[in-house]
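Single-structure report; data block below.
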Amino acid sequence: MKLIKRPLFILLSMQFLFAIAYGMIYYSAYWYLFQNQPFTSTDILEILLHILAISGAIGVIASFIGKCIIDFKQLLYYSLIFQVVGCLLLAFNQYDLIRCGFAIYTVGYGFVVTCITILLDNYLMSINANENRTKIVFTWDILFFNGGMLVGCVIGLFVIDFGVLFIYGFLFCGLSLFVYLLGYNKITLYEKIRDKLFIRHLGIMAISAVLFLITLISFNKEWSFIGDSLIIISSIMLFTYFLVYMLRSNNLTKIKIRTFLHYLFYMIVFWSFYQLMPFLTSHILMFYSDNYFLGMEISLTSNGVGIINTMVITFFSLILPIIYKRVKVKYYISFQLSLLVMLISFSVMFYSTYVLSDLKIGLLFIISFVVLISLSEVLMVPLQYTIVKQVINTKDRVVFYSGVAFLLKSLSPVLSAQLFSGAVANIHKISTFSSFFFLICFALILCILLLKFYSSKRCIDV
Numbered sequence: 273m274k275l276i277k278r279p280l281f282i283l284l285s286m287q288f289l290f291a292i293a294y295g296m297i298y299y300s301a302y303w304y305l306f307q308n309q310p311f312t313s314t315d316i317l318e319i320l321l322h323i324l325a326i327s328g329a330i331g332v333i334a335s336f337i338g339k340c341i342i343d344f345k346q347l348l349y350y351s352l353i354f355q356v357v358g359c360l361l362l363a364f365n366q367y368d369l370i371r372c373g374f375a376i377y378t379v380g381y382g383f384v385v386t387c388i389t390i391l392l393d394n395y396l397m398s399i400n401a402n403e404n405r406t407k408i409v410f411t412w413d414i415l416f417f418n419g420g421m422l423v424g425c426v427i428g429l430f431v432i433d434f435g436v437l438f439i440y441g442f443l444f445c446g447l448s449l450f451v452y453l454l455g456y457n458k459i460t461l462y463e464k465i466r467d468k469l470f471i472r473h474l475g476i477m478a479i480s481a482v483l484f485l486i487t488l489i490s491f492n493k494e495w496s497f498i499g500d501s502l503i504i505i506s507s508i509m510l511f512t513y514f515l516v517y518m519l520r521s522n523n524l525t526k527i528k529i530r531t532f533l534h535y536l537f538y539m540i541v542f543w544s545f546y547q548l549m550p551f552l553t554s555h556i557l558m559f560y561s562d563n564y565f566l567g568m569e570i571s572l573t574s575n576g577v578g579i580i581n582t583m584v585i586t587f588f589s590l591i592l593p594i595i596y597k598r599v600k601v602k603y604y605i606s607f608q609l610s611l612l613v614m615l616i617s618f619s620v621m622f623y624s625t626y627v628l629s630d631l632k633i634g635l636l637f638i639i640s641f642v643v644l645i646s647l648s649e650v651l652m653v654p655l656q657y658t659i660v661k662q663v664i665n666t667k668d669r670v671v672f673y674s675g676v677a678f679l680l681k682s683l684s685p686v687l688s689a690q691l692f693s694g695a696v697a698n699i700h701k702i703s704t705f706s707s708f709f710f711l712i713c714f715a716l717i718l719c720i721l722l723l724k725f726y727s728s729k730r731c732i733d734v
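Going by this note's numbering, the first residue of the sequence shown is number 273, and it counts up by one from there.
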């Protein structure tokens, strides 16, 4: 019971438990829905990408709600409830309820990501954490989240029924809610909202209902372009806000914001290419893989990809804190390293699709791709949190955290979908993928060169 009194353990435990259900959606839903429901591969891909994109947009709204309507601790309660209800609806395994379940879950997941990030930041402020301590905590955040996803992948590997799968999701999200209730009083929060609570709670329920309807509508092809357009317009407005903020600041702050914008560009490029990894890999395994690894026939599914992905991330998340305690690495070098590993991973896929043309791809190439791109994620994720903490003052940090989350989790999937939808739709030509992988490799090389010869000279050392 001593652990449940520690704010960091409470937050990370909740993260681990609700990530189990997210792992089921992220890695198992594509396979189950394609095999057992009247969804095409493109339909499923669009729904899952919209879950990513809309949850990121909801994360921005969550930052406003947490500052102006109800505080982040109370909003965390709603986010967990919505995930519980969403998993319950998915457990019925009926076509219409699946869409409703995904919509409610998306609202809850969008809220919870922002809440956990802000509450972790509050905890770090309460202990006056330095840069290395901040990197370590956010690396633990990755570790617990991906540990939960790993459990979700393993469950998805052995549970053959979609409904039963999300009964487990319902139970684990319920456990996350239970941990929240046990540790509520121990969670650190600096800005509390206590007046007119009844009206405020009615307000959050009304906002949540509107967000649910918007999410549900966006799952339909006829209306999805509206959601994509709103995300792109919102991204332009957000960049405009960042630029105005920079221009109105003093000289030192201008340099810091310029540094932030440089790295934000590289993060958007990175996540635009990363977001489709699980879905594209599942697609390739289903239609193009020869199912042979070093001469052995293996039936690798999307759950297997998820297990490899999360195991790599979990393993290196254990090692990175040890490195951060001993070595201070400059940001532009860290970003270069992450982009370089991603470049190698996509080069593997370009080689396999270009050289093999319309033949089947060996599992060795696919597994190598997953391992390398997973390593690049471990290197990148702590950077996107610590860069905000390093260059943005405490008063404005919530806006920048949610803004970064929106651009990386909403804009990136939209850009990914636009880049790769043609390749995914054409399921009979493996060579179609080679041009996309070449485009990615070329863009990553440009980014690495820009980091080395331009950004490293224009940005301050953070």
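Cβ coordinates follow ideal geometry from the N, Cα and C atoms, glycine included.
Here the structure is a predicted model, which means the values were calculated and not measured.
At what residues does the alpha helix (DSSP H) containing Gln-366 begin and finish?
Where Gln-366 is concerned, there is no enclosing alpha helix (DSSP H), given that its DSSP letter is neither H nor E.
Could you check the C-alpha separation between Leu-721 and Leu-711 for me, to the nearest Å?
16 Å
Hey, how far is the Cα of Tyr-546 from the Cα of Ser-398?
33 Å
Please name the residue or residues paired with Ser-561 in a DSSP beta bridge.
Ile-633
Could you tell me whether the segment 289 to 303 touches the segment 412 to 424, where touching means 3 or more Cβ pairs closer than 8 Å?
yes
Contacts around Arg-405, its chain only, beta-carbon distance under 8 Å, and the 5 residues preceding and following it disregarded:
Leu-396 and Ile-399
Nearest neighbour of Val-423, chosen from Asp-413, Gly-441 and Leu-651 [CA to CA]
Gly-441
I'd like to check one pair, Ile-353 with Leu-485: are the Cβ atoms closer than 8 Å?
no
Quick check for students: name the residue ranges of the beta strand (DSSP E) that lie wholly in the segment 389 to 434, counting only runs of 3 or more.
none
Could you tell me the distance, in whole angstroms, from the CA atom of Val-541 to the CA atom of Ser-684?
8 Å
Within 10 angstroms of its Cβ, does Tyr-299 collect 16 or more other Cβ (buried), or is it exposed?
buried
Determine the direct distance from the alpha carbon of Phe-714 to that of Leu-347, and round the result to whole angstroms.
42 Å
Buried or exposed for Phe-430, please, with buried defined as at least 16 other CB atoms from any protein chain shown within 10 angstroms of its CB.
exposed
Within 8 Å, strictly: CB atoms of Ile-638 and Ile-556:
yes
Rounded to whole angstroms, how far is the Cβ of Phe-641 from the Cβ of Met-621, which I believe are closer than 8 Å?
5 Å
With DSSP as the reference, label Ile-699 as helix, strand or coil.
For Ile-699, the predicted model reports a pLDDT of 48, less than 50, meaning its position is unreliable and no value from the coordinates is stated.
Classification of Tyr-367 by the beta-carbon crowding that lies within 10 angstroms, buried from 16 upward:
exposed
In the DSSP assignment, find the unbroken alpha helix (DSSP H) run with Met-477 in it and report its ends.
469 to 490
Quick check on the burial criterion: 16 or more other C-beta atoms within 10 angstroms. Buried or exposed for Phe-470?
exposed
To the nearest angstrom, how far is the alpha carbon of Lys-468 from that of Ile-342?
10 Å
For Arg-730, which residues in the same chain have their Cβ closer than 6 Å to its Cβ, ignoring the five residues on either side in sequence?
none
Please classify Ser-501 as buried or exposed, where buried requires at least 16 other C-beta atoms within 10 Å of its C-beta.
exposed
Backbone CA spacing between Leu-612 and Leu-474 [nearest angstrom]
49 Å
Classification of Leu-671 by the beta-carbon crowding that lies within 10 angstroms, buried from 16 upward
According to the sequence provided, residue 671 is Val. The question's Leu does not apply to it. With 16 or more other Cβ atoms within 10 Å, it is buried.
Sequence-distant residues of the same chain with beta carbon closer than 8 Å to Gly-578, five excluded per side
Gly-295, Tyr-298, Tyr-299, Ser-300, Met-421, Leu-422, Gly-424, Cys-425, Gly-428 and Pro-550
Check whether the segment 382 to 392 touches the segment 658 to 677, counting contact only when three or more Cβ pairs, one atom from each stretch, lie closer than 8 Å.
yes
Tell me which same chain residues have a C-beta within less than 6 Å of the C-beta of Ser-335, skipping the five on either side of it?
Thr-386, Val-670 and Ser-674
DSSP bridge partner residues for Glu-569 (one or two, in chain order)
Tyr-564
So what's Ser-521 in DSSP terms, helix, strand or just coil?
coil
Who are the Cβ neighbours of Ile-699 in its own chain at under 6 Å, not counting the five residues just before and after it?
Its pLDDT being 48, under 50, Ile-699 is placed unreliably by the model, and the measurement read from it follows with that caveat. Excluding sequence neighbours, Ile-699 sits near Phe-559.
Contact check, Phe-565 vs Gly-328, beta carbons under 8 Å
no
Decide if Ala-478 is buried, meaning its Cβ has at least 16 other Cβ atoms within 10 Å, or exposed.
exposed
Let me check understanding here. Comparing Cα to Cα, which of Val-663, Phe-705, Thr-378 and Gly-446 lies closest to His-738?
For the chain, the structure presents residues 273 to 734; residue 738 sits outside this window and is missing.
So what's Val-584 in DSSP terms, helix, strand or just coil?
helix
Roughly how many angstroms lie between the CA atoms of Phe-537 and Met-568, to the nearest whole one?
42 Å
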